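What follows is one structure encoded as structure tokens, with my remarks underneath.
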Amino acid sequence: MAKLSDFELDIMSCFWERKQLSAPDVHRLLGVERGVTYSTIKSLIDRLEAKGALSRAETPGRVIYYRAAVKQDKVRKPLVKSFLRRRSNEYFMAKSSGINSAVWSQCR
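Residue numbers (my numbering): 60 to 167.
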């Protein structure tokens, strides 16, 4: 699974919470609230489909419905590992450069 951006993860959250959605559904859920255009939402959905995160569920008429093709845990676990690895690297770099624990705790 390719790495997903924060906004792509927000879109995926919509699909993990619901069985299937169309691009207009996602735009109503996220786009309007964030001031993002429908075309931006549709482009992100297309990108998620290309990455294998979404798949087409059905196409009644002209509306395309999508569903999550990956489980939330498959995406979440690598993100947590990556976050912990980055934080531990930052901590060890700070320790090796002489920053004490009190200063480090203020950086978090």
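Every residue, glycine too, gets a C-beta built ideally from N, C-alpha and C. Nothing here was measured: the structure is a model prediction, and the numbers come from that model.
Query: Nearest-angstrom beta carbon gap, ARG126 and LYS78 [assumed within contact, 8 Å]; Result: 7 Å
Query: Selection from LEU103, ARG115 and ARG121 that minimises the alpha carbon distance to ALA128; Result: ARG115
Query: Helix, strand or coil at LEU88 [DSSP, three-state]; Result: helix
Query: Beta carbon of PHE74 nearer than 9 Å to that of LEU113; Result: yes
Query: Contact belief for MET71 with VAL134 at Cβ below 8 Å, rounded distance in angstroms; Result: 7 Å
Query: Local conformation of SER64 per DSSP, three classes; Result: coil
Query: Buried or exposed (CB count within 10 angstroms, at least 16 for buried), GLY90; Result: buried
Query: Three-state class that DSSP yields for ARG77 in the structure shown; Result: coil
Query: Reduced DSSP secondary structure (H/G/I, E/B, other) of ALA82; Result: helix
Query: TRP75 CB to nearest heavy atom of the ligand COA below 8 Å; Result: Only the bare structure without any ligand can be found here, which leaves the ligand COA out of the picture.
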